[in-house]
Amino acid sequence: MTQRQTALAYLLLSPFLITFTIFLLIPVVYSLWLSFQSVSIYSDLFNVFGDLRFVGLRNYSDLLQDNHFLFSMLLTMVYAAITIPGTILLSLCLALLLNNSLPGKSLFRSAFFLPNILDMLVVGFVWQLIYSPKFGFLTVILEKVLNIHAFHDSGFLANPYTALPAIALAMILKGAGFGMILFLASLNNIPKDLFEAASIDGANRLEIFLNVTLPQLIPTILFLIVTGIMAALNGFTEIYAMSSGGPQFVGSKIFGGETLGATRIAGYYLWQVFSEGRYGYAAAMSYMMLLFALLISYLNVKFLQPRMN
Amino acid sequence: MKISKLLGLYLFLLLAALFILSPFLWMLVTAFKVPGTAEKLVFFNDTKVSLAQMSNEDWQKMGVSVEASLVPVLNEKILELYRSSRVPGTHEIVDMLQSTLKRPLSPEALARVSQDVSGKLDLNTASAEHIIRITGLDPEKAQTIVAYRAESGGYSTPQDLHKIPLFKESDMLRIKEMFIARPEILNQLDAPGFRSVLNMSEERAQVYREFINTQEEGFTFKSPEALLSIKRFHKSEADFLKEWFFTNTLYTLDNFKKVLFDFEPREGFTIRRAFINSMIVSVGTALLTVLLCTLAGYDFAKKEFFGKNVIYIIFWSSMMIPGMMFVVPQYAIISMLGGINTFWAMIIPHTANIFGLYLMKQYIEAIPHSLFEAAWMDGANEFDIFRIIIFPLTMPIVATLFLMTFLGQWSNFLWQLIVNTPDSMNSTLPVTLALFRGQYSTDWTVLMAGACIMLLPIVILFLFSQRFFIQGITSGAVKE
Numbered sequence: 004m005t006q007r008q009t010a011l012a013y014l015l016l017s018p019f020l021i022t023f024t025i026f027l028l029i030p031v032v033y034s035l036w037l038s039f040q041s042v043s044i045y046s047d048l049f050n051v052f053g054d055l056r057f058v059g060l061r062n063y064s065d066l067l068q069d070n071h072f073l074f075s076m077l078l079t080m081v082y083a084a085i086t087i088p089g090t091i092l093l094s095l096c097l098a099l100l101l102n103n104s105l106p107g108k109s110l111f112r113s114a115f116f117l118p119n120i121l122d123m124l125v126v127g128f129v130w131q132l133i134y135s136p137k138f139g140f141l142t143v144i145l146e147k148v149l150n151i152h153a154f155h156d157s158g159f160l161a162n163p164y165t166a167l168p169a170i171a172l173a174m175i176l177k178g179a180g181f182g183m184i185l186f187l188a189s190l191n192n193i194p195k196d197l198f199e200a201a202s203i204d205g206a207n208r209l210e211i212f213l214n215v216t217l218p219q220l221i222p223t224i225l226f227l228i229v230t231g232i233m234a235a236l237n238g239f240t241e242i243y244a245m246s247s248g249g250p251q252f253v254g255s256k257i258f259g260g261e262t263l264g265a266t267r268i269a270g271y272y273l274w275q276v277f278s279e280g281r282y283g284y285a286a287a288m289s290y291m292m293l294l295f296a297l298l299i300s301y302l303n304v305k306f307l308q309p310r311m312n
Numbered sequence: 023m024k025i026s027k028l029l030g031l032y033l034f035l036l037l038a039a040l041f042i043l044s045p046f047l048w049m050l051v052t053a054f055k056v057p058g059t060a061e062k063l064v065f066f067n068d069t070k071v072s073l074a075q076m077s078n079e080d081w082q083k084m085g086v087s088v089e090a091s092l093v094p095v096l097n098e099k100i101l102e103l104y105r106s107s108r109v110p111g112t113h114e115i116v117d118m119l120q121s122t123l124k125r126p127l128s129p130e131a132l133a134r135v136s137q138d139v140s141g142k143l144d145l146n147t148a149s150a151e152h153i154i155r156i157t158g159l160d161p162e163k164a165q166t167i168v169a170y171r172a173e174s175g176g177y178s179t180p181q182d183l184h185k186i187p188l189f190k191e192s193d194m195l196r197i198k199e200m201f202i203a204r205p206e207i208l209n210q211l212d213a214p215g216f217r218s219v220l221n222m223s224e225e226r227a228q229v230y231r232e233f234i235n236t237q238e239e240g241f242t243f244k245s246p247e248a249l250l251s252i253k254r255f256h257k258s259e260a261d262f263l264k265e266w267f268f269t270n271t272l273y274t275l276d277n278f279k280k281v282l283f284d285f286e287p288r289e290g291f292t293i294r295r296a297f298i299n300s301m302i303v304s305v306g307t308a309l310l311t312v313l314l315c316t317l318a319g320y321d322f323a324k325k326e327f328f329g330k331n332v333i334y335i336i337f338w339s340s341m342m343i344p345g346m347m348f349v350v351p352q353y354a355i356i357s358m359l360g361g362i363n364t365f366w367a368m369i370i371p372h373t374a375n376i377f378g379l380y381l382m383k384q385y386i387e388a389i390p391h392s393l394f395e396a397a398w399m400d401g402a403n404e405f406d407i408f409r410i411i412i413f414p415l416t417m418p419i420v421a422t423l424f425l426m427t428f429l430g431q432w433s434n435f436l437w438q439l440i441v442n443t444p445d446s447m448n449s450t451l452p453v454t455l456a457l458f459r460g461q462y463s464t465d466w467t468v469l470m471a472g473a474c475i476m477l478l479p480i481v482i483l484f485l486f487s488q489r490f491f492i493q494g495i496t497s498g499a500v501k502e
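These protein sequence lines are chains Z and W, in that order.
Just so you know, the working numbering puts 73 at position 70 of the first sequence, and the rest follows in order with no gaps.
Just so you know, the working numbering puts 313 at position 291 of the second sequence, and the rest follows in order with no gaps.
1. Taking the alpha-carbon of Ile175(Z) as reference, which of Ile91(Z), Leu27(Z), Pro30(Z) has the nearest alpha-carbon?
2. If the cut-off is 8 Å on Cβ atoms, which residues from the region 292–304 of chain Z count as contacting chain W, listed in chain order?
3. Cutting at 6 Å between CB atoms, please list the residues of its own chain near Phe159(Z), excluding the five before and the five after it.
4. Going by DSSP in three states, Val88(W) sits in which element: helix, strand or coil?
5. Since I believe Phe484(W) is in contact with Ile120(Z) (beta carbons under 8 Å), could you give me their beta-carbon distance rounded to a whole number of angstroms?
6. Of all the residues that make up the region 401–435 of chain W, which are near chain Z by a beta-carbon distance shorter than 8 Å?
7. Are the C-beta of Pro30(Z) and some C-beta of chain W separated by less than 9 Å?
8. What's the call for Gln352(W), buried or exposed, on a 16-neighbour Cβ count within 10 Å?
9. Determine, using beta carbons only, whether Lys24(W) comes closer than 9 Å to chain Z.
10. Quick check: what's the CA-CA separation for Val126(Z) versus Pro452(W)?
11. Out of Thr427(W), Asn331(W), Ile412(W), which one is the CA nearest neighbour of Ile389(W)?
12. By Cβ distance below 6 Å, which residues in the same chain neighbour Ser189(Z) in space, the five residues on each side in sequence not counted?
13. Which residue wins for smallest C-alpha separation from Leu50(W), given the options Ile167(W), Ser77(W), Asn277(W), Arg125(W)?
14. Taking all protein chains shown into account, decide if Met399(W) is buried (16 or more other Cβ within 10 angstroms of its Cβ) or exposed.
15. Report back the beta-carbon spacing between Tyr290(Z) and Ser34(Z) to the nearest angstrom; my notes put them in contact at under 8 Å.
16. What does a CB cutoff of less than 7 Å around Ala323(W) pick up in its chain, not counting 5 residues either side in sequence?
17. Does DSSP put Gly264(Z) in a helix, a strand or coil?
18. Would Trp466(W) pass as an interface residue toward chain Z - the criterion being a Cβ-Cβ separation below 9 Å?
19. Under DSSP, the beta strand (DSSP E) around Arg56(Z) begins and ends at which residues?
20. Distance check for Val229(Z) and Leu302(Z), CA to CA, integer angstroms please.
21. So Ile293(W) and Thr454(W) are supposed to be a Cβ contact under 8 Å. How far apart are they, rounded?
22. What are the boundary residues of the alpha helix (DSSP H) that Val81(Z) is part of?
23. So what does Val42(Z) bridge to, in DSSP terms?
24. What does a CB cutoff of less than 8 Å around Ala201(Z) pick up in its chain, not counting 5 residues either side in sequence?
25. Taking 9 Å as the threshold (C-beta atoms), are Leu93(Z) and Gly182(Z) in contact?
26. In chain order, what residues of the same chain lie with their CB nearer than 8 Å to the CB of Glu151(W), ignoring the 5 residues before and after it?
27. Per the DSSP calculation, Arg208(Z) is bridged to which residue(s)?
28. Gln352(W) versus chain Z: which residues are under 8 Å apart at the beta carbon?
29. Please report the straight-line C-alpha distance between Ile25(Z) and Ala114(Z), rounded to a whole angstrom.
30. In whole angstroms, give me the CA-to-CA distance for Arg295(W) and Met368(W).
31. With a 10 Å radius around its C-beta and 16 neighbouring C-beta atoms as the bar for buried, classify His152(Z) as buried or exposed.
32. Based on DSSP bridge pairs, tell me the residues matched to Arg288(W).
33. State the DSSP-derived secondary structure class of Lys124(W), mapped to helix, strand or coil.
34. Name the DSSP beta bridge partners of Gln251(Z), please?
35. Spell out whether any CB of chain W is found under 9 Å from the CB atom of Val126(Z).
36. Counting pairs of beta carbons, one from the region 329–346 of chain W and one from the region 356–365 of chain W, are three or more of them closer than 8 Å?
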């Protein structure tokens, strides 16, 4: 490695490196510094950054006592617990359906994948229409077919118990195509002789699936879990589009009677705090979310890693 | 595979595809509906359907006495009419009725049938159940209409409905379009009446009034086009009155027209402008990302330099960080650099795409090293290497990266929401659509039309380039 070669290498790398440093690296450090600051209540909106005061770890301790934050993390976990298995199951089913040499297969593949590339906001609006009270498609279908009138007045998104599952359902249907593509690729990569060996040994279809196919799919499943958790933590647009933090749980017994938004998951709450101008608090919250993400990923890998062999 | 199994599989796939795409099919259907009718789960005007499902008592209530044996014949013929022509006119139905019954209809029956067919409603003579049947209003509201008209002496214009206590704007929307035209109303209006009903200017109203005064006693207008015979009467006014005279179908292109041409929340900012903004942001980010990632990918693939591994590890660990973490500090940095409401602030932060770097690196590593060696031996400099080797050979993956970045930026809502203030001229489409919802909060049909317009470019792009999307996902994501 000559000096000149190194300099040249860095020259080529510099646009990427500079952009990365300014917009990705520095923000992480800056965010940590911000999380130790607090905005004084007397600062006006235009001078927020000039009025930061150092407060040490107070933001973090406030966070841990903040019912809104704790509830939002709980909601995020519930949200993830619904969307991740749902998406994996649906993607797997779709991939298994399409895993054959059917003519016209690519047409169906496109149809299943299409919702995935559509804009989240628009999808949210469309589902809001479907979930509407009185004339929403789903509400009317339930009334006419199953005679369930419980949702006539409130629809799905105004009922605190059904709002988050409803949004989760919309996201499952939207995101299944992505997982399907991954599973299809993985299924194609399984060596054919494994199947032959298993059927020679006398295994039936179910046993083949459980013992041959499924273990080969675990890396993909792991990947989907990790991306699913990130999606749950970062979830903002779908909440903004459908319920804006959701119907209120009034007088919730768990958290001492405060009114808490029923769909205000972590990402949305972060944006809310941010748009109120409490940048220090928001930065601290994002670090808590990061810790949470790292913890879950670590647990995930630890849990599924032994099974990969 | 056996034929029956094959067919079964196809059927199942078809049902699954319909299930997954059903929200968007519903979106399409709603976008074409007349405003105010999204509330009904109907696909054709249900007053017409009800006309085709009449029993003998129903016909009697309409004032048309029909022999019991003729009822099914009549209903069948009406259904045929609706199936054959797109919008059978009132006269067609009346003609068919009269020819089947072999006698003319009485004037009252004629009036009632005309109302039912046109979906129009004479609020001054309709019974409560008739109102309910045609408009689908709540029974109490229908009763209120009937009760109040006795007190107030009748309704001349839809605006009169506002006087009824408890009558809301959303109810008005439904009724307004069905308010029957009574041409004699137009004859009786004085100039202030014209102004309030037709939103005319004072002098135009005078013109109209004077014209009426010069006509004979009992003059009525037969059609909106007749209004054009008055000098200086605009076509737009005739169009406005048209909805008083003629049947409203359930479907219209008006929603799309409204979104494309009438939506202007602030001076000079329309959907077209938002579309251009989105294009600039998406294409700009895609181009820059491709450039940066290709340079950096080549570096990591083919060059050794001090600190290479450390940097690579730092890059990879940044992928573990949830995107939300960057929102606050990136906003702070952008704000300090004066980037609020600018294009570069929407573009540049997203160009350092680690995933793109990974894609390019993998691809370039796969290029046979001998090509590079040959070029170096021939004395090629870096620029030549790019021009001769990298640029041509990485075209497929470059296209993939371009498309993926384009798509990611087209839908990127949170960042564009944060960077743009509400009065920005550089807002992109998603942010604008969110604004839409505020403006047209109860008008689902217009919102769905806006949604269709927003999704259309992406769908078209997808249909032409799905290969690249799928390749991008599978090559990058499945880790060995």
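From the three backbone atoms N, C-alpha and C, an ideal C-beta is built for every residue, glycine too.
In this text, all values refer to a predicted model and were calculated from it rather than measured experimentally.
In this structure, then:
1. Ile91(Z)
2. Met292, Leu293, Ala296, Leu297, Ser300
3. Tyr134, Thr165, Ala169
4. coil
5. 6 Å
6. Glu404, Leu429, Trp432, Ser433, Phe435
7. yes
8. buried
9. no
10. 11 Å
11. Ile412(W)
12. Leu220, Thr223
13. Asn277(W)
14. exposed
15. 7 Å
16. Lys383, Ile386, Glu387
17. strand
18. yes
19. 55–57
20. 11 Å
21. 7 Å
22. 70–101
23. Leu55(Z)
24. Glu210, Ile211, Asn214, Val215
25. yes
26. Ala164
27. Paired residues: none, contrary to the question.
28. Phe26, Pro30
29. 40 Å
30. 16 Å
31. exposed
32. Phe291(W)
33. coil
34. Gly264(Z)
35. yes
36. no
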